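*Asks:*
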Amino acid sequence: MELFGFDLPSIYLTVLIGSGICVILTLLLSDLFGGDVGVFNPTLILAFFTILSASGYLMEKYSSINSFIILSISAIIALIISSCLHFFVFIPLANAEESLVYSDESLKGRIGKVITAIPQDGYGEILIESISGNISKTAASFYNEEIGFGEETVIVEIKENVAYVVRKDGI
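Heads up, the working numbering is the position in the sequence shown plus 44, with the first residue counted as 1.
#1: Counting Cβ pairs closer than 8 Å, one from the region 158-171 and one from the region 109-127, do we hit at least three?
#2: Three or more C-beta pairs closer than 8 Å, one from the region 146-153 and one from the region 107-117: is that the case here?
#3: State the DSSP-derived secondary structure class of glutamate 169, mapped to helix, strand or coil.
#4: For glutamate 104, name the three-state secondary structure that DSSP assigns.
#5: One question on the structure: do alanine 183 and alanine 161 come within less than 8 Å of each other, judged by their Cβ atoms?
#6: Ends of the beta strand (DSSP E) at isoleucine 199?
#7: What did DSSP end up calling isoleucine 135 once you bin it into helix, strand or coil?
#8: Between which two residues does the alpha helix (DSSP H) harbouring isoleucine 121 extend?
#9: How long is the line joining the alpha carbons of isoleucine 95 and isoleucine 159, rounded to whole angstroms?
#10: With a threshold of 8 Å, are at least 3 pairs of Cβ atoms found where one atom belongs to the region 52-64 and the other to the region 99-112?
#11: Look at the alpha carbon of serine 108 and the alpha carbon of serine 63, and state the distance between them as a whole number of angstroms.
#12: On the criterion of 16 or more Cβ atoms from any shown chain inside 10 Å, does alanine 138 qualify as buried, or is it exposed?
#13: Buried or exposed, going by whether 16 or more other CB atoms sit within 10 Å of the CB of isoleucine 175?
#14: Going by DSSP, what residue range makes up the beta strand (DSSP E) through serine 185?
#15: So phenylalanine 134 and leucine 88 are supposed to be a Cβ contact under 8 Å. How far apart are they, rounded?
#16: Can you tell me the Cα-Cα spacing of leucine 195 and lysine 157, whole angstroms?
#17: Among Ser127, Asn205 and Leu90, whose alpha-carbon lies nearest the alpha-carbon of threonine 70?
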């Protein structure tokens, strides 16, 4: 079958190559344009057209099914795979990115281990372990007492990016 004077496998192949190139460019340049795009994620739309054209090309080339049925089957395949890509890859990645972020407020009450001794009226360093990684933070004693290396502490407050801590057994 022909469309606009071109045979359908050629059209599918052209769309496949074009959308494949656009997917790669979108992945490489997406940080430049940034921002939340909501439901109309360009990578998802381009993936839909890539899958549609790839499955359409293969079915046109290697089967004798009617072209309209091939287009319908290709659209269904592309919709299913794009939906899976959205729900099982893009959404979890977006949530994972957000879960790595922490605020000073979220550190209050967390337990840390002293990795650089905290002298009286001075500063040291604590290490806070979490599932997503370790956070090291400048620390000072809340009660202006010396806290030795390796002791466990609890963060009481954070002021000017310094964690004020007390010994865990001193609570």
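Positions of the beta carbon are idealized from the N, C-alpha and C atoms, including for glycine. Values in this document were obtained by computation on a predicted structure and should not be read as measured data.
*Replies:* Judging by the given coordinates:
#1: no
#2: The region 146-153 makes no contact with the region 107-117; the number of CB pairs closer than 8 Å stays below 3.
#3: strand
#4: helix
#5: no
#6: 196-203
#7: helix
#8: DSSP places isoleucine 121 inside the alpha helix (DSSP H), whose first and last residues are 111-129.
#9: Approximately 52 Å between the Cα atoms of the pair.
#10: yes
#11: Serine 63 has its alpha-carbon roughly 25 Å from the corresponding atom of serine 108.
#12: exposed
#13: exposed
#14: Looking at the DSSP string, the run of the beta strand (DSSP E) that includes serine 185 is 177-185.
#15: 7 Å
#16: It is worth fixing the name first, because residue 195 is glutamate in this sequence and not leucine. Their Cα atoms are separated by approximately 6 Å.
#17: Leu90
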